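In this text, residue positions in the sequence shown follow this note's numbering: the first is 326, and each later residue adds one. Heads up, the beta-carbon is just placed ideally off N, CA and C, and yes, glycines get one too. Keep in mind that this is a model prediction, so the values were computed, not measured.
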Amino acid sequence: IEKHPLLIYTSAIPFTPHDTLIYKTFHNNKLPHVVSGLDLTWPPLLQVLYGHENIVYSVCFSPDGSKIASGSMDGTVRVWDAVTGQPAMAPLQGNHSPVSSVCFSPDGSKIVSGSWDGTLRMWDANTGQPAMPPLRHFLGVAASVCFSANGSKIALGSMDNTVRVWHAVTGQPAMPPLHGHTGYVYSVCFSPDGSKVVSGSDDSTVRVWDAVTGQPAMPPLQGHQNAVNSVCFSPDGSKIVSGSEDETIRVWDAVTGQPAMPPLQGHQNAVNSVCFSPDGSKIVSGSDDSTVRVWDAVTGQPAMPPLQGHENKVNSVCFSPDGSKIASGSEDKTIRLWDAVT
């Protein structure tokens with residue numbers, strides 16, 4: 326080994342997937358061959374993160390991609406090292422009920438979480454300590470939380486059928502509650518320029534609101550046949566994607582409110598989470614069918630085979646800031662990291 330250290334590496338080449346650059350570069354006929362059972366490519370699953378003691382409802386990458394925050398039915402928020410998969414700090418505890426949603430601030434310094442008891446909590450993302458007292462000025466589960474792009478506001482979707490917008494620094498309401506949905510609001514997302522908020526509801530509609538006045542920015546976006554579980558703006562703000570209990574994903578023109586393409590079909594059960602890639606070229610979705618799927622955002626066609634490995638429903642999906650990875654949180658109590666470019 327001391328005389329020929331490269332033998333350590335060349336001995337592994339016969340077991341390296343044949344379509345990989347390593348194999349194509351270093352393989353030669355003098356090496357032994359694996360007759361059968363060898364994959365052509367590396368499997369897309371990169372890591373499995375264990376630690377939550379119950380269902381994982383929400384996952385979110387930090388803006389620099391170094392950390393992942395997760396919220397769980399076990400009542401904790403956890404922060405993970407996105408490279409090693411190890412906990413980056415002790416669990417953030419303070420919620421006495423399940424944590425339904427987590428989101429990093431745009432500068433990565435804070436994490437906001439929403440819980441079933443109707444509270445919002447702000448955490449210091451470096452120390453894990455509370456950054457302000459809990460906010461609770463409403464009734465119903467805090468189903469979804471989202472920072473605006475400049476970090477000045479937080480949008481909240483609640484099971485009291487309202488969308489609410491808060492000042493992130495003071496914790497005070499930025500405007501009266503936004504009324505219009507006739508069912509629970511499961512998901513909210515700010516537009517990239519912060520001028521609008523999109524919401525998805527149990528009433529099967531997607532609604533777009535003026536984030537300054539609180540008024541509807543357009544008529545409700547109708548087409549889903551069941552509850553809308555997740556909504557997300559594209560990075561350029563031109564499109565909105567929505568995922569529904571009706572097993573479909575829909576892409577909408579964010580200016581006209583019209584469908585931008587036919588529904589994306591492939592999931593065999595409810596779609597719980599959708600997210601655009603940072604460059605807007607792909608959409609990732611997570612479903613009750615236990616799969617994560619990646620779609621071409623222009624054609625609506627699958628961009629790769631389904632990502633399989635979770636043993637229960639996938640509740641949340643998120644791209645890393647560089648678009649190279651996908652994080653997924655599941656009812657199997659795990660978070661999984663996937664190669665998004667396999």
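Checklist entry - Around the C-beta of L662, are 16 or more other C-beta atoms found within 10 angstroms, so that it is buried, or is it exposed? => result L662 counts as buried, since no fewer than 16 other beta carbons sit within 10 angstroms of its beta carbon.
Exercise. Could you spell out where the beta strand (DSSP E) holding L445 opens and where it closes?
Key: 445-449
With DSSP as the reference, identify every bridge partner of K607, one or two as the case may be. D621
Three-state secondary structure assigned by DSSP to G654 | The three-state reading of DSSP puts G654 in strand, counting E and B together.
Among A665, G654, T667, W367, whose alpha-carbon lies nearest the alpha-carbon of L374?
G654
*Beta bridge counterpart(s) of L374 as assigned by DSSP*: I660
Worksheet item: Does the distance from the CB of F644 to the CB of S606 come in under 8 Å?
Response: no
| message | Does the CB of S473 have a neighbour CB from chain D at under 8 Å? | response | Included in the structure is just one protein chain, with no chain D present.
- Message: Using CA atoms only, rank isn't needed, just tell me which of L370, S649, V576 is closest to A622.
- Response: Scanning L370, S649, V576 for the CA closest to the CA of A622 turns up V576.
Self-check item: Inter-residue Cα distance where the pair is S422 and V470
Solution: 16 Å
Requested in this report: Determine the closest residue to I436 out of D442, G443, N451, with distance taken between C-alpha atoms.
Outcome: Cα-wise, what sits closest to I436 is N451.
Where T667 and T616 are concerned, what is the direct C-alpha to C-alpha distance, given to the nearest angstrom?
-> Note on geometry: alpha-carbon atoms of T667 and T616 lie some 16 Å from one another.
From this set, Q633, G453, K658, L464, which residue's C-alpha is nearest D668's C-alpha?
Residue 668 is absent from the model: the chain starts at 326 and stops at 667.
Just confirm the distance between the C-beta atoms of A467 and T444, as a whole number of angstroms; I'd bet it's less than 8 Å.
7 Å
Review point. From S438 to N379, what distance separates their C-alpha atoms?
Key: 17 Å
Just to confirm my understanding: we take D442, look at its own chain, exclude 5 residues before and 5 after, and list those with CB closer than 6 Å. What are they? S422
Exercise. Under the rule that 16 or more other beta-carbon atoms within 10 Å means buried, what is L503, buried or exposed?
Worked result: buried
Checklist entry - Just to confirm, are S678 and V488 a CB contact at a threshold of 8 Å? => result Since the first and last residues shown for the chain are 326 and 667, residue 678 lies out of range.
Outcome for T293 when other beta-carbon atoms lying within 10 angstroms are tallied against a minimum of 16:
The structure shown does not extend to residue 293, since the chain is modelled only from 326 to 667, so the question has no answer here.
- Could you tell me whether the Cβ atoms of W405 and S397 are closer together than 8 Å? no
task: With a threshold of 16 other CB atoms inside 10 Å of the CB of H377, please say whether the residue is buried or exposed.
output: buried
- What are the boundary residues of the beta strand (DSSP E) that N298 is part of? Summary: the structure shown does not reach residue 298, with the chain confined to residues 326 through 667, and so no result is reported for it.
Provide the residue span of the beta strand (DSSP E) that contains G482, from first to last. 478-483
Which residue marks the beginning of the beta strand (DSSP E) containing D647, and which one marks its end? D647 -> no beta strand (DSSP E), and no H or E assigned at all.
**Report entry** Residues that DSSP places opposite T490 in a beta bridge
**Finding:** Before going on, a small fix: residue 490 reads as Val here, not Thr. DSSP, once it has assigned bridges, lists A480 as partnering V490.
### Task
Closer than 8 Å by C-beta to S520: which residues in its own chain qualify, once you throw out the five before and the five after it? Chain order, please.
The residues are D535, A536, V537.
message = Buried or exposed for V580, going by 16 or more other Cβ atoms inside 10 Å?
response = The C-beta of V580 has fewer than 16 other C-beta atoms within 10 Å across all chains shown, which makes the residue exposed.
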